[in-house]
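S.K.: Here it is, the structure, as structure tokens.
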Amino acid sequence: MSELFQEAVIISILAGTFRVMTPILFAAIGELVTQRAGIWNMGVEGTMIMGAFTSYIVAVETGSQHLAILSGILSGMVMGLITAFMIATMRVDHFITGLGLNLLVGGLSLFWFRLYVGGGYAPTFDSLDNFAIPILNTIPILGDIFFNQKLLTYVAFLSVPIVWYFLYRTRWGLELRCLGENPKALDIKGLNVVLRQYVAILIGSSFTGLGGAFLMLAFSDRFQPDLTAGKGWLAIVAIIAGKWLPKGVFIAVLVFAFLGSVAVHVQILDVNIPYQIFLALPYLASIILLICMRKKINQPAKLGVPYFR
Amino acid sequence: MIRLEKRIEVNNAWIALMYLSACIIGFLLTALLLWLSGTDISKAFYALYKGSMSSQKTIFSSLSKATPLILTGLATVVAFRAKVWSIGQEGQVYSGAMSAYMASLMFFGLPVWIYLTLIIGFGALGGAFLGALSAVLKNRFNVNEIISTVMLNYIMIFFLSYMVGGGPWTGVGDVALTYSQSNPIDDTAKLPFLFDSRKLHLGFVLAIVCALACHILINLTPFGYEIRAMGHNSIALKYRGTNTKKTLLYLMVFSGAIAGLAGVSEIFGTNHSLKGDTLVGLGFTGIIVGMIGGLTPIGTVIAGVVFGGLASGSVYMKIIAKVPGTLVPTMEGLFLLTFLIAGVASHYKIVRLKKDV
Amino acid sequence: MSQFTLLKTKQLTKYFPGVVANENVDFVLNEGEVHCLFGENGAGKSTLCSCIFGYYKPDSGSIELKGKSVKFRSPGDAIKNGIGMVHQHFVLVDDFTVLENIIVGTNTEQWKLDLEKSENELRAICLEYEIDLKFNSLVRDLSVGEQQWVEILKSLYLDAEILILDEPTAVLTPEESKKLFKIIHKMSNNGISIILISHKISEVMQADRVSVMSKGKLINTVFPKNTSPQELTNMMVGREVKLRVKESKYSKVSSSSKPLLSVKNLKYMNKYKKFALDNVNFELHSGEILGLAGVSGNGQKELFDALSGNLVPDSGAIIYDGTEIQGKSSRHYMDLGIGLIPDDRYREGLIGDFSISENVILGWQRHQKYSKNFFLNHKNINKFTEYLIKEFNIIAPNASVPVNYLSGGNAQKVILAREFSHSNKILLANQPTRGLDLGVIEYVYEQIKLKREEGFAILLASEELEDLLNMCDRIAVISDGEIKGTVDAQSTSIQEIGMLMAGHAEVSA
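As you go down the protein sequences, you meet chains A, B and C in turn. First residue of the first sequence: 488, per the working numbering; consecutive thereafter. First residue of the second sequence: 7, per the working numbering; consecutive thereafter. First residue of the third sequence: 547, per the working numbering; consecutive thereafter.
Set out below in structure tokens:
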């Protein structure tokens, strides 16, 4: 246990936190936009898997990481289109749609993976490199933790204030928030509600797809069936725990990522405590967080309610 | 623009047609997938038939694979009918399996029928406990049941992984440690086989009994009335005198217990040792089975048997037609999609709106 | 008011599944006039206006604006053409400020939110019409009257030339109504044409012209000064109708001086930290109908919830026959024989997808009459339902039809049937005739009166003061969560009640 508290390990845990945080943060901030528009997109987990899987195939086939990342975003958009069609056009119940898509994607991704791999081993690709920020990364300790991350991690961090600005300082953000509180108010003014729902879902799922791509490209060199292991769900919990505010979501994801990073290090360091406890920590923490969050005052008023004229 | 409008008169012939189409389209899509992956379609379907229903042995195999799916499907039906979106069947299966295993250790040596009853009972309790937990989290702390059940699933998976992968229940020997499994369970703890089959076991009877119980409960009892009412309008139910928190608790206990039985059935009827590999996915597949079964007990049994057949046939498909084993989960997903659409199509119709409304 | 025809509909027809909402309607609106659309519930007034506003598309017929034919594909088109509509049920975002509600979706050029310019424009409008609103208050902190001003401002901000107001005074106190009409007349003087949907004769008589609608058709357009309330009502219903005159009092069942139910100092703070119930006190006796007057939003909902076991008050007592029962479950109240007709019938009183027979036992499914030995007693339930369908004249193909398929009136009858059969002491009726047409309204009131004669203690809340004056023995006025005063129905007047509703405890000479 004392191995955990050496300086190098702590730095590694903290640096790892930001790395682990990235995919969840992408998914969470994207889903936040969707939920503020009144839509429960439960298919976050499935979208992440798709993003991870497509980016894997593209990375192996083309060798280009850029293309792989792009494909992750695109696959997210495709998932978003399907989701939006079911929810915004057909007005199917939000929960059923998301759960159904998760189940479907779970099976499909497995199938395609086995098909691709055939009988042998899974082909690999080059993982993402770190993108060190010059000068800043030479600061002792802090430099290693903050300024030696991958480029996309910085992007993920930036996306939080960008989403904040979008929601609260632009007219589209006001309209989007109105969607989540009372879509009829927009309909009455002659604005297309369905179109805006599509946009909100597409934004969310693109971010999530990107998160899935990062999860694949930054953490290992080949696809594995249970790659996401519930990270999509953690993103959803983070939104609730963060009271549907960008700042809150950021903090919640930070907590989960920290626990996740600790879990990874415990496995490597061969500590006496069974590593499964640490793996389970984020999920336990979620439940505890939600218990403390009994009064969800900030939940968008019409979240989950299909809009009929 | 198109939108959905609820059909005013729904006749059974239309519903049957919708679901039949869903079946056919599901198979067509599967054939398409097979063709795209370069498999010989006729060989594949022949292998499927051979592996699932060509002989008494294969039929028993299908039914035994169907058993846990029927049980987790029923668990889904009970919850989803009340619009309680419990995804916890997966974790409840694990919890049931582990409780039953613990009972098998604790009560070893007791007369067989008492022993078995305790094992089955504890299994049900294990699942029920997890279900109750989610209900309490929702009742007391307003925690969304989807999230709490998903989280509990992961916690259970890790818990089992510890118990048989380095923890107290790990089996003796290198094999056990590598594959994270317990010692094989004693012969006395095994669920008796039916019809001298060596495949079909008591679990199947349990599944059918549970299906009957669910049917009677949901359609013929006041409690079932409350479950259905909760699914349609829980506010009105609460307004006029029913304690919906109690209703939620009872139905989650019932649902969890049935899912727990699936764990018992798998470990003590089919696999005969406690390990995660054989339990994984039973819960999620059960959700699909339940939904494809139209959230009715009878439909669930039928869907469960079909999926059991698929699982049984897939072994043959792998050997004879070289179809990847993961075709089955994919087919499950495809059928789910087609049946969901059929479900919507049977109660709603598409209205094309001229210009705008 | 000029004679210039601003807007015209020609043979406008609109169908909904199973119903002809508007049939060949020829409606004419002149520039600068206040034009009232008069008719009962379901006559087609709202539908006509929704077509004019572009919310619905007419199935046949046309609309002409300033002589040119127009086709509105959405409210956006109507708004661009200077038509605005204030709906009966406000469409506001509670968590947004006044300013945000007004400007959301209006700016199509910039992406940035520019609040200052909009504020200045709004301030000018508010000055013109003497509307006093703080732009950064949250809508949920506003009174109902103020919320309505926000709705009106939404249209004025977009330079509406035609403003449609749908039953605007339904939610206002008499004082707020007067203020609204002042604003309406000012708008009319400024050249804005107003279509006023109303079913209140008093308001109709104040308009420049009135069009009477009935069963989807426009019957006639007349000048109020050339006609009379009696004539208008006849046109509306299509037959000679006796305007409800105060009935002579029946021989009152002697209500015991000891109250059956008394409410003492009931207090309840809602989630917005406002006192929805602020020291409510009153008594209810057997054999009497106590009216509860007041526009919705003054605590009626919370009061009825508390009296039916659906809300736990923060403090105070509800005493039934000597025992305190506040905070107990709805089950407890139902078992005591207290029946409830909720104001939101589909949300709180019925399960729409359930059949009639399943709905008549809602809440009683475990009672020995309907279930024995774990099982539901379908035979008994069906027999009971058949009986109720006959007794209450519920129009439905059979007992297994989902209640969603029934008309509003028949659905309400299902609730009445259920509650009357299972209660025996107290009846709580919250807006029992809302949204129903005249025939069913008469029936409902008849049934309630019968219950009084049986000795029930009845609490009747309604927004229609006329109805309360006709039905009740005493009337309590609720405003801001408090009972401002209780008056004797025989000797009071609308003015007196209006004063109490406005918060004046004393009536000034």
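The beta carbon of each residue, even a glycine, is placed where N, CA and C say it ideally should be.
Do you know offhand how far residue 659 of chain A's Cα is from residue 876 of chain C's?
M.R.: Counted from its first residue, the first sequence places residue 659 of chain A at position 172. Counted from its first residue, the third sequence places residue 876 of chain C at position 330. Residue 659 of chain A and residue 876 of chain C: Cα-Cα distance of roughly 45 Å.
S.K.: Around the C-beta of residue 798 of chain C, are 16 or more other C-beta atoms found within 10 angstroms, so that it is buried, or is it exposed?
M.R.: For the purposes of this step, residue 798 of chain C is taken as residue 252 along the third sequence, with counting starting at 1. Confidence in residue 798 of chain C is poor, its pLDDT being 49 and thus under 50, which makes the residue's placement too unreliable to answer from.
S.K.: How should residue 888 of chain C be labelled, buried or exposed, when 16 other C-beta atoms within 10 angstroms of its C-beta is the threshold for buried?
M.R.: For the purposes of this step, residue 888 of chain C is identified with residue 342 of the third sequence, where counting begins at 1. Buried is the call here.
S.K.: Closer than 7 Å by beta-carbon distance: list the chain C residues that pair up with residue 228 of chain B, in chain order.
M.R.: Within the second sequence, residue 228 of chain B is the residue found at index 222, counting from 1. Result: 911, 912, 917 and 922.
S.K.: For residue 792 of chain C, which residues of its own chain have a beta-carbon under 7 Å away from its beta-carbon, when the five flanking residues on both sides are left out?
M.R.: The residue given as residue 792 of chain C occupies position 246 in the third sequence. Model confidence at residue 792 of chain C stands at a pLDDT of 44, short of 50, so the residue's coordinates are unreliable; what they give is reported in the following sentence. Counting only Cβ-Cβ distances below 7 Å, and skipping sequence neighbours, we find 1015 and 1016.
S.K.: Identify whether residue 798 of chain C lies in helix, strand or coil by the three-state DSSP scheme.
M.R.: Position 252 of the third sequence, counting from 1, holds the residue named residue 798 of chain C. The predicted model places residue 798 of chain C with a pLDDT of 49, which falls under 50 and marks its position as unreliable, so this point remains unresolved.
S.K.: Is the separation between the beta-carbon of residue 1003 of chain C and that of residue 882 of chain C shorter than 8 Å?
M.R.: As a first step, residue 1003 of chain C must be located in the third sequence, where it is residue number 457. As a first step, residue 882 of chain C must be located in the third sequence, where it is residue number 336. No; because the gap between Cβ atoms is not below 8 Å, this pair is not in contact.
S.K.: Put residue 757 of chain C into one of helix, strand or coil per three-state DSSP.
M.R.: Working through the third sequence from its first residue, we reach residue 757 of chain C at position 211. Here residue 757 of chain C sits in strand by DSSP.
S.K.: What does residue 773 of chain A touch in chain B if you count any residue whose Cβ is under 8 Å from its own?
M.R.: By 1-based counting over the first sequence, the position of residue 773 of chain A is 286. Under the 8 Å cutoff, chain B gives 153 and 157.
S.K.: Can you give me the start and stop residues for the alpha helix (DSSP H) that residue 125 of chain B sits inside?
M.R.: Taking the second sequence and counting its residues from 1, the one referred to as residue 125 of chain B is at position 119. Segment 118 to 147, the alpha helix (DSSP H) holding residue 125 of chain B.
S.K.: Please report the straight-line C-alpha distance between residue 582 of chain C and residue 896 of chain C, rounded to a whole angstrom.
M.R.: Here residue 582 of chain C refers to the residue found at position 36 of the third sequence. Here residue 896 of chain C refers to the residue found at position 350 of the third sequence. Near 35 Å, if we compare the C-alpha coordinates of residue 896 of chain C and residue 582 of chain C.
S.K.: Against chain C, which members of the segment 671 to 689 of chain A pass a CB distance test of less than 9 Å?
M.R.: Of all residues in the segment 671 to 689 of chain A, 671, 672, 673, 674, 675, 676, 677, 678 and 679 have a Cβ within less than 9 Å of some Cβ in chain C.
S.K.: Step through the CB atoms of chain B and report whether any lies within less than 8 Å of the CB of residue 607 of chain C.
M.R.: The residue given as residue 607 of chain C occupies position 61 in the third sequence. False, the Cβ-Cβ gap to chain B never drops below 8 Å.
S.K.: Tell me the residue span of the alpha helix (DSSP H) that contains residue 696 of chain C.
M.R.: Counted from its first residue, the third sequence places residue 696 of chain C at position 150. Note, residue 696 of chain C: alpha helix (DSSP H), 690 to 703.
S.K.: Residue 720 of chain A touches chain B at which residues, Cβ-Cβ below 9 Å?
M.R.: On the first sequence, residue 720 of chain A is found 233 positions in, with the first residue counted as 1. Chain B residues near residue 720 of chain A: 152, 153, 156, 157 and 160.
S.K.: Name the two residues that bound the continuous beta strand (DSSP E) containing residue 936 of chain C.
M.R.: Translated into positions along the third sequence, residue 936 of chain C becomes position 390. Looking at the DSSP string, residue 936 of chain C is not in any beta strand (DSSP E); the run it does join, the alpha helix (DSSP H), is 924 to 937.
S.K.: Spell out whether any CB of chain C is found under 8 Å from the CB atom of residue 669 of chain A.
M.R.: Residue 669 of chain A sits at position 182 when you count from the first residue of the first sequence. Cβ-Cβ to chain C under 8 Å: yes for residue 669 of chain A.
S.K.: Give the DSSP-derived three-state secondary structure of residue 1032 of chain C in the structure shown.
M.R.: Here residue 1032 of chain C corresponds to residue number 486 of the third sequence, with the count starting at 1. Correct three-state label for residue 1032 of chain C: strand.
S.K.: Among the residues of its own chain, which have a CB less than 7 Å from the CB of residue 612 of chain C, if the five just before and after it don't count?
M.R.: Reading the third sequence from its first residue, position 66 is the one you call residue 612 of chain C. Taken in chain order, the residues that qualify are 552.
S.K.: If you count every other CB in all the chains shown that lies within 10 Å of the CB of residue 44 of chain B, and 16 or more means buried, which is it?
M.R.: By one-based count along the second sequence, residue 44 of chain B stands at place 38. Flag for residue 44 of chain B reads exposed.
S.K.: So does the segment 30 to 50 of chain B actually touch the segment 240 to 257 of chain B, counting three or more Cβ pairs closer than 8 Å?
M.R.: No: the two stretches stay apart, fewer than three of their Cβ pairs being nearer than 8 Å.
S.K.: Applying the criterion that 16 or more other CB atoms from any shown protein chain within 10 Å of the CB defines a buried residue, is residue 720 of chain A buried or exposed?
M.R.: Within the first sequence, numbered from 1, the residue matching residue 720 of chain A stands at position 233. Its Cβ being crowded by 16 or more others within 10 Å, residue 720 of chain A is buried.
S.K.: Against chain B, which members of the segment 743 to 767 of chain A pass a CB distance test of less than 8 Å?
M.R.: Cβ contacts with chain B come from 761, 763, 764, 766 and 767.
S.K.: Quick check on residue 794 of chain A - is its C-beta less than 8 Å from some C-beta in chain B?
M.R.: The residue you call residue 794 of chain A lines up with position 307 of the first sequence. For residue 794 of chain A, the answer is no, since every Cβ of chain B falls outside 8 Å of its Cβ.
S.K.: Please check the pair residue 810 of chain C and residue 824 of chain C, which I expect to be a contact at CB under 8 Å, by giving their CB distance rounded to whole angstroms.
M.R.: Taking the third sequence and counting its residues from 1, one reaches residue 810 of chain C at position 264. Taking the third sequence and counting its residues from 1, one reaches residue 824 of chain C at position 278. Contact doesn't hold; Cβ gap of about 13 Å is too wide.
S.K.: What is the C-beta distance between residue 58 of chain B and residue 315 of chain B, in whole angstroms, given that I count them as a contact (C-beta under 8 Å)?
M.R.: What you label residue 58 of chain B is simply residue 52 of the second sequence in a count that begins at 1. What you label residue 315 of chain B is simply residue 309 of the second sequence in a count that begins at 1. Residue 58 of chain B to residue 315 of chain B, Cβ: 4 Å. Contact.
S.K.: With 8 Å set as the bound, which would you pick, yes or no: does the beta-carbon of residue 353 of chain B sit closer than that to a beta-carbon of chain C?
M.R.: In the second sequence, counting from the first residue as 1, residue 353 of chain B sits at position 347. No, residue 353 of chain B lies away from the interface with chain C (no Cβ there is under 8 Å from its Cβ).
S.K.: Cα-Cα, which of A/683, A/725 and A/560 is closest to residue 525 of chain A?
M.R.: Position 38 of the first sequence holds residue 525 of chain A. When each option's Cα is compared against that of residue 525 of chain A, the closest is A/683.
S.K.: Just the Cα atoms here: how many angstroms apart are residue 741 of chain C and residue 592 of chain C?
M.R.: The residue labelled residue 741 of chain C in the question sits at position 195 within the third sequence. The residue labelled residue 592 of chain C in the question sits at position 46 within the third sequence. Those two C-alpha atoms are separated by around 11 Å.
S.K.: Taking any Cβ of chain C, which residues in the segment 656 to 668 of chain A have a Cβ under 7 Å from it, in chain order?
M.R.: So the close ones are 656, 657, 658, 659, 661, 662, 665 and 668.
S.K.: May I have the straight-line CA-CA distance separating residue 789 of chain A from residue 777 of chain A, to the nearest angstrom?
M.R.: Counting from one through the first sequence, the residue named residue 789 of chain A turns up at place 302. Counting from one through the first sequence, the residue named residue 777 of chain A turns up at place 290. Near 20 Å, if we compare the C-alpha coordinates of residue 777 of chain A and residue 789 of chain A.
S.K.: Please name the residue, chosen from B/31, B/117, B/180 and B/195, that lies closest to residue 277 of chain B on a Cα-to-Cα basis.
M.R.: Along the second sequence, one-based indexing puts residue 277 of chain B at 271. Considering only alpha carbons, the answer is B/195.
S.K.: Does the beta carbon of residue 859 of chain C sit closer than 8 Å to a beta carbon anywhere in chain B?
M.R.: In the third sequence, the residue the question calls residue 859 of chain C occupies position 313. False, the Cβ-Cβ gap to chain B never drops below 8 Å.
S.K.: Note down, in chain order, each residue of its chain lying with its Cβ closer than 6 Å to the Cβ of residue 214 of chain B, except the 5 sequence neighbours on either side.
M.R.: In the second sequence, counting from the first residue as 1, residue 214 of chain B sits at position 208. Same-chain partners within the cutoff: there are none.
S.K.: Taking all protein chains shown into account, decide if residue 600 of chain C is buried (16 or more other Cβ within 10 angstroms of its Cβ) or exposed.
M.R.: In the third sequence, the residue the question calls residue 600 of chain C occupies position 54. That one is buried.
S.K.: What three-state label does DSSP hand residue 888 of chain C in the structure shown?
M.R.: Within the third sequence, numbered from 1, the residue matching residue 888 of chain C stands at position 342. Coil, per DSSP.
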